[in-house]
Each structure stands twice: as structure tokens, then as C-alpha cells.
Amino acid sequence: MKLNRKARSARHQSWLFVLLLVLGSAFVIPGSALAGTPTECQAGTTFATWKIEYGISGGIAGINRQITLSSAGSMVATDRRTNKRVEQQIPPEQLSRVSDILRRLDLSEPPRSGAGGTGQCADCFQSTLDLTLDDRQYAVESAAETPQYDELTRLLSTMLKQALAQ
499 MKLNRKARSA
509 RHQSWLFVLL
519 LVLGSAFVIP
529 GSALAGTPTE
539 CQAGTTFATW
549 KIEYGISGGI
559 AGINRQITLS
569 SAGSMVATDR
579 RTNKRVEQQI
589 PPEQLSRVSD
599 ILRRLDLSEP
609 PRSGAGGTGQ
619 CADCFQSTLD
629 LTLDDRQYAV
639 ESAAETPQYD
649 ELTRLLSTML
659 KQALAQ
């Protein structure tokens, strides 16, 4: 089947779009890189303000939970499946531990998606991690499977479970 020039051009553009979409999804770019602000943030940096949003969803039971923490000490844990929401202050020792973990993260390289993929499995868990550190924003898909964020996601998961168990 021979395509005319316009049809070949449209077909080529659609393949190029798909290729760029696939290649672009292999990396997660910090939000501040899109805004044109510097993104270099090496381990050891102390942040005046921060906000963390961590979400986990999926599995056979259809889990859909999120926790949001701020450097001011507030925490909001939500289970969207059961419509449960818990707001409380973060205990000082946990707040200090979160700040310490954030200080040790090396964000000088754009975070990459974890090995968990992007939803190829109906019963798989998906996690997201959005960090706002001072004025810089970072988004990580499959954060629970990304080694650099392992300690942080384990702590956030524990805090989320404890808050929703109350």
C-alpha cells in the first residue's frame, strides 16, 4: 500500500511523538527544571522549608492513600477508598528524622522512575513522591522502587499506616 506524501508525513509525526513520549517517560524531570530555575541540589543541603506528598495506590484491595508532610510539622494522611482523613502534628523526633533524610538526598541529577514501571499490572502498587524543597519541586514516579528514596518512602509508609490506624 503506497501512501501519499501527506499521509506519510502524518504517520512519521505520530511515530516521532510516540517515540518522544516513551523516551520522555523514562525520566522524571524536577518541576523547577521546567520553570528554568536551577535544579542542582547535592546531598548535605539543609532546606528552610519543605513539603512532601507521598501516595500509594493499587493492589487487589484497591488501596489509594496519601500523606502530606510539611517542615512546619503538619501531617495529613488520607485513605481515599474509605474517605478517612487524619490531620495531626508530626512528633519532633520524626520531623527531625525526615529533615535528616532530605538533607542526605542527592538531587543534583534528575530523579529517574523506579523499576516498577508505569501501571502495566492491574494488581501492582504505584507510588508517587512529590518534594517541594525551598522553591524547587521534584516529582518521582515509582518512588518506592527507587533506591535513593527507599529510606524516605519506608518512613512515610510507616507514618501513613500509623496515622490511619487511629
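If you use this note's numbering, the sequence shown corresponds to residues 499 to 664, in order. Glycine included, C-beta positions come from ideal geometry on N, C-alpha and C.
Query	Result
Expected contact under 8 Å - CB spacing of I565 and A575 to nearest Å	5 Å
Burial state of G553 (16 or more Cβ within 10 Å)	buried
Residue ranges of each alpha helix (DSSP H) within the region 578-660, 4 or longer	590-602
Residues near L650 by beta carbon distance below 7 Å, same chain, minus five either side	I599
When F545, I561, A546 are compared against N581, the one with the closest alpha-carbon	I561
Whole-angstrom distance between T544 and A559, CA atom to CA atom	39 Å
Exposed unless 16 or more other CB atoms sit within 10 angstroms - verdict on R652	exposed
Unbroken beta strand (DSSP E) run spanning Q564, endpoints	561-568
For G553, the first and last residue of its enclosing beta strand (DSSP E)	548-556
Inter-residue spacing [alpha-carbon to alpha-carbon] between A533 and A637	Legend: pLDDT at A533 = 34, less than 50; position of this residue unreliable, value from coordinates given subsequently. Those two C-alpha atoms are separated by around 14 Å.
For G534, three-class secondary structure by DSSP	Its pLDDT being 33, under 50, G534 is placed unreliably by the model, and the measurement read from it follows with that caveat. In the structure shown, G534 sits in coil (DSSP, three-state: anything other than H, G, I, E or B).
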